[in-house]
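Peer 1: To start, I am sharing the structure in question, which I have written as structure tokens.
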Amino acid sequence: MSLLRAITPTWLVQLSKSVSSTKETRREHYRSQINSLRSLLWMLHEHNTRYVRCPQSPQASKARDEIREFCEELQTSCNNPQRPLFRVLSARMEQALSSLPSQSKAGWYAIHHRTSDHLIYIIDEIARSYIAESKHDAMYEEYQAFWQTWIDTKESQLRFEQATMRLIEGKTAAWQSVSLQSRILQKRLYQLSLISSAEASLAFDRIDSRFDSVIGSENGDIPASSLVKISQDLSVVLLHLFDRELTIRTDDALVEKMHEAKNTMHALPSPRQTA
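Quick note: the sequence shown uses the numbering used here, first residue 4, plus one each step.
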């Protein structure tokens, strides 16, 4: 190794160090952005659930101002190639926040969903940029598997909530739609539980039993408010799950521990070998 160092040109050594330093700087920048965007996502979720009944209250206005300020800080701190991305985020957030006070409950939820989805896709994009800088080749595939299953479940949850809103509005065949979306969501939740922690799987089981009640009921048996509560509870579980995945993927120590555990499992002899 000492001989290799001796014959390696100084400029090449310096270039290698510079590339490594630049890569680590990018990773730190992405990690910081992911953490900030996670905070923004929870701020938006709290505004959605807390102020739907009092959208014009002083507290609701203050919460919206805090979200605006947070978006401005994100736009100021991003690097040049990302400026269009965060400029669009700020513009969409401003448009949504300005229109919310005059919305019906259905309109309120719809705007929040569109805004949250836009934010979630930005988080996903930056998370992929961060993971691309990782030294673990399998990490990207692992995240992709989680993301696809998670976003499919999130979209199913949105369709269930939309069906619930149609039921509240008295639309034709709305209950049939609620029942159908409940069945679809159960399948999605099962798929997601297979790649989730034990705690998340337990939360899914509780919600799954509530969907059993929906599927086994007739129109009018379950109040629409209870259906909205199911959707909101599931939304919280999904956000926690997404947040946990981001926490794991952006924590080098946790990633190393996870991959060491997998390597240990692969190294263990199979039952046939020990027989």
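Heads up, the beta-carbon is just placed ideally off N, CA and C, and yes, glycines get one too.
(1) Which value, in whole angstroms, describes the spacing of the CA atoms of D120 and Q62?
(2) Does DSSP classify Y193 as helix, strand or coil?
(3) Is DSSP giving R56 helix, strand or coil here?
(4) Restricting to Cα atoms, I'd like to know which of T167, S93, D140 is closest to R67.
(5) When you compare the CB positions of L77 and S39, do they come within less than 8 Å of one another, or not?
(6) Does the Cβ of D127 have 16 or more other Cβ atoms within 10 Å, making it buried, or fewer, making it exposed?
(7) Figure out for me which residue from S229, T253, N222 has the closest Cα to the Cα of E164.
(8) What's the C-alpha gap between Q194 and L188?
(9) Measure the CB-CB distance between I280 and H50 and report whether it falls below 8 Å.
(10) Out of Y33, K260, R90, R252, which one is the CA nearest neighbour of Y143?
(11) Can you find the residues in the same chain that come closer than 6 Å, C-beta to C-beta, to L44, ignoring five residues on each side of it along the sequence?
(12) Would you mind sorting T118 into buried or exposed? The rule is 16 or more other CB atoms within 10 Å of its CB.
(13) Within the segment 131 to 209, note down every full alpha helix (DSSP H) run reaching 4 residues or more, in order along the chain.
(14) How long is the line joining the alpha carbons of V91 and E75, rounded to whole angstroms?
(15) Let me make sure I understand the geometry here. Which of K174, S182, E145, E172 has the alpha-carbon closest to that of Q160?
(16) What residue from S107, S42, S137 has the CA that sits closest to E31's CA?
(17) For T253, name the three-state secondary structure that DSSP assigns.
Peer 2: Taking the definition as stated:
(1) 24 Å
(2) helix
(3) coil
(4) S93
(5) yes
(6) buried
(7) S229
(8) 10 Å
(9) Outside the displayed span of the chain (4 to 278) sits residue 280, for which this structure offers no information.
(10) R252
(11) L122
(12) buried
(13) 141 to 171, 177 to 196
(14) 11 Å
(15) S182
(16) S137
(17) coil
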